[in-house]
Each structure stands twice: as C-alpha cells, then as structure tokens.
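Trainee: Going line by line, the protein sequences match chains A and B.
To convert, take the position in the first sequence, counting from 1, and add 731; that gives our numbering.
To convert, take the position in the second sequence, counting from 1, and add 194; that gives our numbering.
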Amino acid sequence: DAGVIQSPRHEVTEMGQEVTLRCKPISGHNSLFWYRQTMMRGLELLIYFNNNVPIDDSGMPEDRFSAKMPNASFSTLKIQPSEPRDSAVYFCASRYRVLPHYGYTFGSGTRLTVV
Amino acid sequence: GIQVEQSPPDLILQEGANSTLRCNFSDSVNNLQWFHQNPWGQLINLFYIPSGTKQNGRLSATTVATERYSLLYISSSQTTDSGVYFCAVQGAQKLVFGQGTRLTINP
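1) Spatial neighbours of residue 212(B) within its chain, please: C-beta separation below 6 Å, excluding the five flanking residues on both sides.
2) Give me the DSSP bridge partner(s) of residue 742(A).
3) Cβ atoms of residue 771(A) and residue 785(A): under 9 Å apart, would you say?
4) Since I believe residue 838(A) is in contact with residue 823(A) (beta carbons under 8 Å), could you give me their beta-carbon distance rounded to a whole number of angstroms?
5) So with CB distances below 8 Å, who are the chain A contacts of residue 246(B)?
6) Does any C-beta atom of chain B lie closer than 9 Å to the C-beta of residue 787(A)?
7) Quick one, are the C-beta atoms of residue 253(B) and residue 267(B) less than 9 Å apart?
8) Taking all protein chains shown into account, do 16 or more other C-beta atoms lie within 10 angstroms of the C-beta of residue 813(A), making it buried, or fewer, making it exposed?
9) Under 8 Å: do the region 747-763 of chain A and the region 801-812 of chain A share three or more Cβ pairs, one atom per stretch?
10) Can you tell me whether DSSP reads residue 816(A) as helix, strand or coil?
11) Is residue 824(A) helix, strand or coil by DSSP?
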C-alpha cells in the first residue's frame, strides 16, 4: 500500500496565481479530509468528503478556496487567486472505519509558499 | 465542538531519558490517535487508541476514555524522537488536533 499520495510536495507561486493541490487516498477508504497547518492556527480541517460527496466545508477560509472529489481515488484543492497568507502546509488524509471506531492516514503534505 | 489540550507544550530532555505526554479532551470520542510530526513535516501515525493500552517498542500509550485523557510514554529516548507529538480526537465526524508537544532530545 503506497499510502495517501499528495502532489506536489512543494509549490512556490506568485500572488494572484491559481494553485491546485492533488491527493490520492488509500484504496478502500471512503472518507477524505483536507487539513491546513500554520504556526498560528495549528492543524485545522478545511473540508471533508464521504463517498466523494462534500459533507462539511465550514473550515474553508473563503471563496477563493474550492475542493472537488470527482471519484474515489482523486481529490483536488484549488486556490484562486492565491495570497501570501495562504502559505502553509496542506495535508490530505483518508479514513477507514472499523466499527465503531475510525482510523486516519495522512499524506506527506504540500508546502505552499505564495510570494 | 470538542476541545483537545496537550501538555506540556515543550519538553527538552537528554538522550536516554523517559517522558510522558498528556492529552485531555472535553467529550466522549470515537477515535483517538497519536501522531509524530518529524523534522521533515511528515505526520506519522503512532497509535490508534480510543481506549486501553498499547505498546510499540519504546513507545506506549494509554487512554482512559471515562476520564477523558490519554498518555503517551517514550522510554529511553533517542535524538530521532525529536519533533512534535500531536493528539487528535474524533467526536461526531471530525478529527480535531491538539496544539502539540514539541519534544527535543539532546545528545
């Protein structure tokens, strides 16, 4: 099992540009989560999907952020237009369920720098 | 929502020492996990432990769900144990992280 795969590992972009982060969850995991990590706010949940359907996007900071999960093996997080305050590490995680409990596996993250 | 508090925030030890990290949470949980974030930023799952005790080599963890706390023990620490240790709990649907304990092991 290759684990949760995120790309790119690092992204440097100029303010105003569109940024797309990608995630491939573990096969068979039916939930996918996007987290953002900053020094000020720690690890915070942005959005999560169950069975490819967005369930809670209350953590998405503003309309510049959007996420999709077109199928069970792929998700994207897009920022358009990007701003310097979006600089952070973005993690994707997938979740398995062994009733009545859950377990999460995280990808290696994408370090985004907006200059 | 559920609150997660970790202590201490920072811990500096000499190689070979033992340590105990604590995680308190505010409500009943379906899941509790301990993660180690290494100096390269990777989040490594250490334990999935909603209740009971588990051991993996020099690391062990105990969760007392009825009293809403979990402990992570590191024995005979090594410099490679350095990093940030996160406790994360799930209530209804979301996994909520504590602020972490930054552990520094000096040679």
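Just so you know, even glycine gets a beta-carbon here, dropped at the ideal spot from N, CA and C.
Mentor: In this structure, then:
1) 269
2) 843(A)
3) no
4) 5 Å
5) None at all; the shortest Cβ gap to chain A is about 11 Å.
6) So, interface residue.
7) yes
8) A buried status is given to residue 813(A), since no fewer than 16 other beta-carbon atoms sit within 10 Å of its beta-carbon.
9) These segments touch.
10) helix
11) strand
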